[in-house]
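Trainee: In the working numbering, the protein residues as written are 116 to 472.
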Amino acid sequence: MQSEFKITRRPSRQIHVGKVAVGGDAPISVQSMTNTDTCNVADTVAQIQALQNAGADIVRVSVPSQEAAEAFGQIKKAVNMPLIADIHFDYRIALRVAELGVDCLRINPGNIGGEVRVRAVVDSAKDKGIPIRIGVNAGSLEKDLQKKYGEPTSDALVESALRHIEILDKFNFSDFKVSLKASEVFMTILAYKKLATQIEQPLHLGITEAGGFRAGAVKSAIGLGMLLAEGIGDTIRVSLAANPVEEIKVGFDILKSLHIRQKGINLIACPSCSRQNFDVIKTVNDLESRLEDILHPMDVAVIGCVVNGPGEAREAHIGLTGGTPNNLLYVGGKADHKVKNEELVDELERVIRAQVT
């Protein structure tokens, strides 16, 4: 089903985080962050691989110490996807991970020391072709901005970002992206909209500290969705107090809902009612768990009755509509064969996998 709404993307300068292009005409990338102890190399590598299997394009890793920096070097060798090092305060950590092959540095130039130290990091990044992400957060604004504005505001976030950008501009460094995150949805939206007109660099979107899985997913969908629909945003992270793999799933669901990017199964399912001829909720839950490994884009409709079922099934790549005595399976928009209730999930999985091989 084609959307009548067209999104016009904000033009931006393209940078590269490892092999992933960010900004310009590149696809909007989805990223997450590890929550393991970085010094535990095995656990961190395992989590990165789980995120990659879920479809992550980029993963961020916190590097709070020199010990963590050395562990990061081992982690980088063990995985084959772009890694961002999240660094605060100590410029020497940034210099070390740059030597160890980091794909992007997440720093705030204003909090890693004086001009000499900042220049050392920028020169290293420039020499090695490493981009920088400026990350502004409402919870860690500079003290003078807190005093000036009284509380976090969209203007305070933008002013903080422009300060950090000014430092990079001074050293003729333009390969950076910027994030302006708050847990308050409208503050975040306003901050991004204001900054989007003032710089040409890519924007990394996120609603920070959004909450647990359900509330965080809703807040992120609203905030990121409103910005993406206006063409603002080049890479996204859904911040959840949950398994980071869920962040990737929700991120792609947001992009799929906006017809921005397709990856994996897009399940179209009715909420179910007394007209249903099979257990819709159980069928959908079983399918979601069985088909998580499929990254090929495909619309699958699961509708419990004949009221809306045939119409939705015809529009999907594969569709199932409830019926008596048997349900009807559609393939490529055409009725294909009937399926008994006890065979539904197995048969749907078989047909779906046959389409992607």
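Every residue gets a Cβ at the ideal spot worked out from N, C-alpha and C, and that includes glycine.
Owing to the predicted nature of the structure, the values given are computational and were not obtained by experimental measurement.
Pick from His452, Asp414, Asn442: whose alpha carbon is nearest that of Val477?
Mentor: A query on residue 477 cannot be resolved here, the shown segment of the chain reaching from 116 to 472 and no further.
Trainee: Measuring only the C-alpha atoms, how far is Asn400 from Gly225?
Mentor: 47 Å
Trainee: Does Gln81 come out as helix, strand or coil in the three-state DSSP assignment?
Mentor: This structure cannot settle anything about residue 81, because the visible part of the chain is limited to 116 through 472.
Trainee: Who are the Cβ neighbours of Gly254 in its own chain at under 6 Å, not counting the five residues just before and after it?
Mentor: none
Trainee: Do the CB positions of Val178 and Ala193 come within less than 8 Å of each other?
Mentor: no
Trainee: Looking at the structure shown, is Ile356 part of a helix, part of a strand, or coil, going by DSSP?
Mentor: According to the sequence as given, residue 356 is Ala; it is not Ile. In the structure shown, Ala356 sits in coil (DSSP, three-state: anything other than H, G, I, E or B).
Trainee: Taking C-alpha atoms, which residue in Glu345, Glu299, Val231 lies nearest to Leu272?
Mentor: Glu299
Trainee: Who are Cys154's beta bridge partners in DSSP?
Mentor: According to DSSP, Cys154 bridges with nothing at all.
Trainee: Do you know how far the Cα of Asn456 is from the Cα of Pro317?
Mentor: 49 Å
Trainee: Provide the residue span of the alpha helix (DSSP H) that contains Gln181, from first to last.
Mentor: Going by DSSP, Gln181 is part of the alpha helix (DSSP H) stretching over 181-193.
Trainee: Are the beta-carbon atoms of Asn441 and Leu435 separated by less than 8 Å?
Mentor: no
Trainee: When the cut-off is 8 Å and only beta carbons count, does Ala240 lie next to chain C?
Mentor: In the displayed structure, chain C is absent; only one protein chain is listed.
Trainee: Buried or exposed: where does Glu427 fall if 16 or more other Cβ atoms within 10 Å of its Cβ makes it buried?
Mentor: buried
Trainee: Report, in whole angstroms, the separation of the C-beta atoms of Arg248 and Lys292, which I expect to be a contact under 8 Å.
Mentor: 5 Å
Trainee: Leaving out the 5 sequence neighbours to the left and right, which residues in its chain are closer than 8 Å to Leu220 when beta-carbon positions are compared?
Mentor: Ile199, Ala200, Ile202, Ala209, Val212, Ala213, Val236, Ala240, Ile245, Pro246, Ile247, Arg248
Trainee: Under three-state DSSP, which class holds Gly254?
Mentor: helix
Trainee: Going by CA-CA distance only, name the one from Leu320, Leu166, Glu257 that's closest to Glu345.
Mentor: The shortest CA-to-CA distance from Glu345 to any of Leu320, Leu166, Glu257 is the one to Leu320.
Trainee: Under a three-way DSSP split, which group does Asn442 fall into?
Mentor: In the three-state reduction of the DSSP assignment, Asn442 falls in the strand class.
Trainee: My output table needs one value for Gly338: the three-state DSSP class, helix, strand or coil.
Mentor: Gly338: helix per DSSP, three-state reduction.
Trainee: Which complete alpha helix (DSSP H) runs does the region 379-436 hold, if anything under 4 residues is left out?
Mentor: 395-405, 424-430
Trainee: Measuring CA to CA, which of Ala357, Glu266, Phe288, Asn195 is closest to Asp218?
Mentor: Considering only alpha carbons, the answer is Asn195.
Trainee: Helix, strand or coil for Ser273 per DSSP?
Mentor: With the sequence shown as reference, residue 273 is identified as Val, and Ser is not the correct amino acid for it. Of the three classes helix, strand and coil, the one that applies to Val273 here is helix, per DSSP.
Trainee: Compute the Euclidean distance between the alpha carbons of Thr153 and Thr350, then round it to the nearest angstrom.
Mentor: So the two alpha carbons sit approximately 23 Å from each other.
Trainee: Out of curiosity, what's the CA-to-CA distance linking Val396 and Arg429?
Mentor: Going by the sequence as given, residue 396 is Ile instead of Val. Computed Cα separation, rounded: 21 Å.
Trainee: Quick one: using the 10 Å Cβ neighbour count with 16 as the cut-off for buried, is Pro267 buried or exposed?
Mentor: Answer is buried; the Cβ neighbour count reaches 16.
Trainee: Relative to the alpha-carbon of Arg124, which residue among Glu361, Ile347, Lys243, Ala416 has its alpha-carbon at the smallest distance?
Mentor: Ile347
Trainee: For Arg125, which three-state DSSP category applies?
Mentor: The DSSP-derived three-state label of Arg125 is coil.
Trainee: How many angstroms separate the CA atom of Glu361 from the CA atom of Tyr264?
Mentor: 35 Å
Trainee: Below 8 Å between beta carbons: does that hold for Gly138 and Gln146?
Mentor: Contact: no.
Trainee: Roughly how many whole angstroms lie between the Cα atoms of Val231 and Val174?
Mentor: 29 Å
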